[in-house]
Amino acid sequence: MTDLSVANTANQPAFDVDSIRRDFPILSQQVNGKPLVYLDNGASAQKPAAVLDAMDRYYREMHSNVHRGAHTLGDRATAAFEGARETVRSFLNAESTREIIWTRGTTEAINLVANGLAPRLRAGDEILVTHMEHHANIVPWQMVAERTGAKVVPIQVTPAGELDLDSFHSLLNDRTRVLALTHVSNVLGTVNPVMELVGEAKKRGVLTLLDGAQAVPHYQPDVQALDCDFYVFSSHKLFGPTGIGVLYGKAELLEAMPPYQGGGEMIERVSFERTTWNVLPYKFEAGTPAIAEAVGLGAAIDYLGRLDRQAMEAAESALLARANDLVATVPGMEIIGTAAKKVPVMSFKIAGLHPSDIGTLLDQQGIAIRTGHHCAMPLMDFYGVPGTARASFAFYNTLDEVEQLFTALQKIQRLFA
Ligand SMILES: *Cc1c(COP(=O)(O)O)cnc(C)c1O
109 MTDLSVANTA
119 NQPAFDVDSI
129 RRDFPILSQQ
139 VNGKPLVYLD
149 NGASAQKPAA
159 VLDAMDRYYR
169 EMHSNVHRGA
179 HTLGDRATAA
189 FEGARETVRS
199 FLNAESTREI
209 IWTRGTTEAI
219 NLVANGLAPR
229 LRAGDEILVT
239 HMEHHANIVP
249 WQMVAERTGA
259 KVVPIQVTPA
269 GELDLDSFHS
279 LLNDRTRVLA
289 LTHVSNVLGT
299 VNPVMELVGE
309 AKKRGVLTLL
319 DGAQAVPHYQ
329 PDVQALDCDF
339 YVFSSHKLFG
349 PTGIGVLYGK
359 AELLEAMPPY
369 QGGGEMIERV
379 SFERTTWNVL
389 PYKFEAGTPA
399 IAEAVGLGAA
409 IDYLGRLDRQ
419 AMEAAESALL
429 ARANDLVATV
439 PGMEIIGTAA
449 KKVPVMSFKI
459 AGLHPSDIGT
469 LLDQQGIAIR
479 TGHHCAMPLM
489 DFYGVPGTAR
499 ASFAFYNTLD
509 EVEQLFTALQ
519 KIQRLFA
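Below you can see the structure in the form of structure tokens.
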């Protein structure tokens, strides 16, 4: 296997991809008679044994409902659950665990914020999004806009797949109330200049939400440095379990927002005359939460914390660089999204081939990629394509796998284009 070891200055062990791969049991299997090459990490990432073991141990040794305080198991479950919240707080560098709300994922987190901000929106107000958003950061705002008479306005994208900053500056105006934008594009891999855009928005008193679903698998965001009002992500793209995600929000804004769902846990006191809300973060966590999943997400973040971040980012850059170098070896192949600053995500088309056929033919070789509109139809319209093929890499992928992808693409192009 190609050596992906990257030396580092901190005197820590080098980034050893072979040993890292052994932490992910699912990777060492054959698919369609070939060793699995998993390049669909942008859709969902695989889980290290540390996550599986943490969830297994939780169910075997400490499961009970949380926050009931009636017995020992309940105390253990609560400690594990709230411990995971502290792990997420530390990962994001949030000020307080009161600002960390568990949701089902990015989608639910954005719906929660959109609903929570609805009472502040009036007819004619504007919600700025971008042309490269995932549907999860478009549709909830459209639904709230419909209710309130506000308008959803997209910032334009350049042909290279970067945000058009002139478009941003011309659209940011006195009617703008919210700027909701993706930190990293799931289709293009573009890393947006979020610090700068949040700063500009704040100068005008505009509330800011960053969709971090594709950013957190590659970077560790610092919400205090970013100074965004809300930051959201999903566990399953961060090597944790499905069914849980995170909403970070500034405490004073969360305090001012109405609850999202009603039920148990989110109340202080219920009577038929008057019901009052629980304190943060529980005000937004109606019902029994995803306890084992929170524990699993905490374990995923702990696992990442044991890796050498700098070496991991260098290894990911090397994967993307190798892929870019090999594009010229496939006649008619074109990359969609050539921003200067990218995570290792490669959307592409090949002349004469439908994206879904590329996906099926690669799958026959054991190579998993994603094809289709990637929940970003407006962006597909912008590029005038029905969909793209997308290979998205994680730190456990190897240069050897990048080469296998291109060898397979060369063959597919030769035989079918
Ligand atoms: C995946 C994704 C979402 C939606 O995440 P869910 O886990 O499906 O809720 C939103 N935004 C971006 C950028 C994504 O990649």
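Just so we're aligned, residue 109 is where the sequence shown starts under the numbering used here, counting upward by one.
Beta carbons are placed, not taken as given, at the ideal position from N, Cα and C, and that holds for glycine.
query	result
Between which two residues does the alpha helix (DSSP H) holding Phe189 run?	180-200
Give every residue of the same chain whose Cβ lies closer than 6 Å to the Cβ of Leu315, excluding the five residues on either side of it in the sequence, and list them in chain order.	Val286, Asp337
Between Asn140, Gln138, Lys155, which lies nearest to Ala502 when the distance is taken from Cα to Cα?	Lys155
Between the C-alpha atoms of Ala258 and Asn245, what's the straight-line distance to the nearest angstrom?	15 Å
Is there contact here, the region 316-329 with the region 290-307, by at least three beta-carbon pairs under 8 Å?	yes
Mapping DSSP to helix, strand and coil, what is Ile443?	strand
How would you call Val387, buried or exposed, if buried means at least 16 neighbouring beta carbons within 10 angstroms?	exposed
For the region 173-191 and the region 411-430, state whether three or more C-beta atom pairs, one from each stretch, are separated by less than 8 Å.	no
Phe341 by DSSP, collapsed to three states: which one?	strand
Going by DSSP, what residue range makes up the beta strand (DSSP E) through Thr468?	Careful: Thr468 lies outside any beta strand (DSSP E), inside the alpha helix (DSSP H) at 463-471.
What do you reckon, are the CB atoms on Met365 and Gly495 nearer than 8 Å?	no
With distance defined between alpha-carbon atoms, name the residue in Val145, Ile458, Thr214 nearest to Val247.	Thr214
Could you tell me whether any non-hydrogen atom of ligand 1 is closer than 7 Å to the CB of Ala321?	yes
So the candidates are Asp465, Ser464, Gly413; which of them puts its Cα closest to the Cα of Leu200?	Gly413
Between which two residues does the alpha helix (DSSP H) carrying Pro262 extend?	It is not in any alpha helix (DSSP H) - Pro262 instead sits in the beta strand (DSSP E) that spans 259-263.
In the DSSP assignment, what are the bridge partners of Ala497?	Phe456, Thr479
Using three-state DSSP, classify Thr350 as helix, strand or coil.	coil
Ala436: which of Gln264, Val451, Phe456, Glu381 sits nearest, CA to CA?	Phe456
Within 10 angstroms of the Cβ of Arg377, are there 16 or more other Cβ atoms? Answer buried if so, exposed if not.	exposed
Locate the alpha helix (DSSP H) running through Ala309, then write down its first and last residues.	302-311
Three or more C-beta pairs closer than 8 Å, one from the region 323-334 and one from the region 468-478: is that the case here?	no
Kindly examine ligand 1 and report whether one of its heavy atoms sits closer than 7 Å to the Cβ of His344.	yes
How many angstroms separate the CA atom of Asp416 from the CA atom of Gly297?	22 Å
For a test of the three-state rule: what should DSSP assign to Met109, helix, strand or coil?	For Met109, the pLDDT reaches just 36, beneath the cut-off of 50, and the residue's location in the model is therefore unreliable, although a value from the coordinates is still provided. Coil at Met109, not helix or strand.
Put Ile375 into one of helix, strand or coil per three-state DSSP.	strand
Could you check what DSSP says for Ala431 in three-state terms: helix, strand or coil?	helix
Can you grab the Cα-Cα spacing for the pair Val252 / Ser198, in whole Å?	32 Å
Who are Trp527's beta bridge partners in DSSP?	Nothing can be reported for residue 527: it is not among the residues displayed for the chain, which extend from 109 to 525.
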